[in-house]
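Peer 1: Numbering-wise, the working numbering puts 240 at position 240 of the sequence shown, and it's gapless, one number per residue. Each residue gets a CB set at the ideal place from its N, CA and C atoms; glycine is no exception.
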Amino acid sequence: MGNILTYGGIATKIRAMQKNLIKPDDYRELVLLGSVPEAVNYLRSKPAYQHLLEPIDEAHLHRGDVEAVLVRSLYKDFSKLYRFSGLKQRRFLDMYFRQYDIILMKYFLRTIFNPTDETWNPQMAGEFFRKHSTLDLEKLVTAKTVDEFVNDLSGTEYHKPLMHLAQMEHPTLFDYEMTLDLFYFSYLWKTYHKMFKGKELTTLRETYGSMIDLLNIQWIYRSKKYYRITNADIYALLIPIRFKLKQVQIAQLVEAADMNEFDHVLLTTYYVKRADELNGAQLESLYNNLIYKMHQLAKRRNPYSIACINSYLFEKGQEIDNLTTILESIRYGLQPADIMKYIII
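#1: Assign H132 to one of three DSSP states: helix, strand, or coil.
#2: Taking 6 Å as the limit between beta carbons, can you name the residues of its chain near A346, skipping five residues before and five after?
#3: My output table needs one value for H251: the three-state DSSP class, helix, strand or coil.
#4: Which term fits F129, buried or exposed, when burial requires 16 or more other beta carbons within 10 angstroms of its beta carbon?
#5: So, using beta-carbon positions, are L43 and F113 closer together than 9 Å?
#6: Would you mind working out which of F314, R228, R83 sits nearest K131, comparing C-alpha positions?
#7: Once you ignore the five residues that flank L347 on each side, which residues in its own chain have a CB closer than 8 Å to its CB?
#8: Rounded to the nearest angstrom, what separates S45 and E148 at their Cα positions?
#9: With distance defined between alpha-carbon atoms, name the residue in V71, L93, T111 nearest to A125.
#10: For G2, does the three-state DSSP call read helix, strand or coil?
#11: How many Å lie between I291 and T325 at the Cα?
#12: I'd like to check one pair, S305 with Y100: are the Cβ atoms closer than 9 Å?
#13: Give the straight-line distance between the Cα atoms of F262 and I339, rounded to the nearest whole angstrom.
#14: Leaving out five residues on either side along the sequence, give the residues of the same chain with a beta carbon under 7 Å from the beta carbon of R90.
#15: Taking only the alpha-carbon atoms, compute the straight-line gap between S223 and Y27 and give it to the nearest angstrom.
#16: Could you round the C-beta distance between L162 and T179 to whole angstroms and report it? I think they count as a contact, below 8 Å.
#17: Have a look at Y235, Y227, R331 and flag the residue whose alpha-carbon is nearest the alpha-carbon of A39.
#18: Can you list, in chain order, the residues of its chain whose CB lies under 8 Å from that of S186, leaving out five sequence neighbours each side?
#19: Have a look at M211 and Q50 and give me their C-alpha separation to the nearest angstrom.
#20: Starting from N216, trace the alpha helix (DSSP H) in both directions and tell me its first and last residue.
#21: Mind checking which residues open and close the alpha helix (DSSP H) that includes N260?
#22: To the nearest angstrom, how far is it from the Cα of L327 to the Cα of I345?
#23: Should N41 go down as buried or exposed, given a rule of 16 or more other Cβ atoms within 10 Å for buried?
#24: How is G155 classed by DSSP in three states: helix, strand or coil?
#25: Please list the terminal residues of the continuous alpha helix (DSSP H) segment that includes Q296.
The structure is reproduced here in C-alpha cells:
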C-alpha cells in the first residue's frame, strides 16, 4: 500500500505521457519519407512535438533547430515529472539529471576538439539547465581550449576528475569522454545504494549493473579494435563496478590476443544468454535492446516504484535517439530498410 500511495499519482501521470510517445508504426512511416521537411511535418502531427515545431520555418530549416526541438521535448517531460514528484522521486531525478550534464559537456568538448560550422543553440538547454544544473553554460560555451573548459567547471563535481587528465601528456577527446562516463556511473552506483532499499534497490541494481557490464565490454572491444591502446590503459578506463561480469572474464577480454579470441570469451558471459548470437560487432545493438527490455521488465514487475520513472525517461531518451537517427539518415539518402536497422523499437 505504501508504494501505491507514494507512486500512484506519478505512475498515472506517466501512463498518460506514454500515449504521446512515438509508436513503431510511426517510425516505419517516417523512414519512408523523402526529405527532412516532410519528416518534420509528420512530427508536427504528434502531441509531443506539435507546439515545439510550429515556430520552425521550413524554408530556413536547419539541423540545429530540429535537434533543439527534440532535446527540448525530453527536457519538457523531465520537468513535468519533476513538478509532479514528491521529495523521494525528486532526489532520484536530481541524480538522474547528471547524465544530461554529461551529454552537454561532451557536446562542448567535441566542438573544442573538432571545430565545425555548427553553432550552439541555447534552446538545447536554456531555463531547464538553469533550474537543475550546476554548470555555468555562459562560461562553458565560450571556452576555446580544453584547459579553459576544465577551469570553467571549477566549483562543480566534474572539475576534479577532469583535472586528473592534466597529468597526461596529450589527453584526447576519448579520454575526456571516458572520464566523464566513469564519474557518472560510479556516482550513480554509490548514490542509489544509499537512497533506495528492497525491491527498488534490486531493480536499479539489475538495470544499471547490466548497463555498466555491457558498457565495459563495449569499451574493451572498441579500445582493442580501434584505439590499439595498451592493456594497462584499458583496465584504467573501465568503470570499477562488476555485476554479472566476472573479474576473470574482464581480464580474459582485455588480454585477448585478437578479436576472434575476444568473441570466444564473450560467449562465456552471462549476457550471451540474452542473445541468439553475439560477437563484438553486435555489442551496440545488444546493449540498446537488452537495456530497453530490462527497463520494461522492471516496470512490469514493480509498477509502483522508481522503475516507472526510470523506464519512462529511458524510453523518451531512446525516442530522441531514434528520431535523430532517422532525420540524419533521411538527410543523407539512406534506404528505409537500412534506416530501420538502427532504430530501437
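Peer 2: A quick look at the data gives this:
#1: helix
#2: One cannot answer for residue 346 here, as it falls past the ends of the chain, which runs 1 to 345.
#3: Looking at the sequence itself, residue 251 is Ala, so the reference to His does not match. Helix, per DSSP.
#4: buried
#5: no
#6: R83
#7: As displayed, the chain neither begins before 1 nor continues past 345, which places residue 347 out of reach and without an answer.
#8: 43 Å
#9: V71
#10: Because G2 carries a pLDDT of 46, less than 50, the predicted location of this residue cannot be relied on, and the following value inherits that uncertainty. Helix.
#11: 19 Å
#12: no
#13: 29 Å
#14: Y82
#15: 33 Å
#16: 6 Å
#17: R331
#18: I239, P240, I241
#19: 33 Å
#20: 198-222
#21: 259-266
#22: 16 Å
#23: exposed
#24: coil
#25: 283-301
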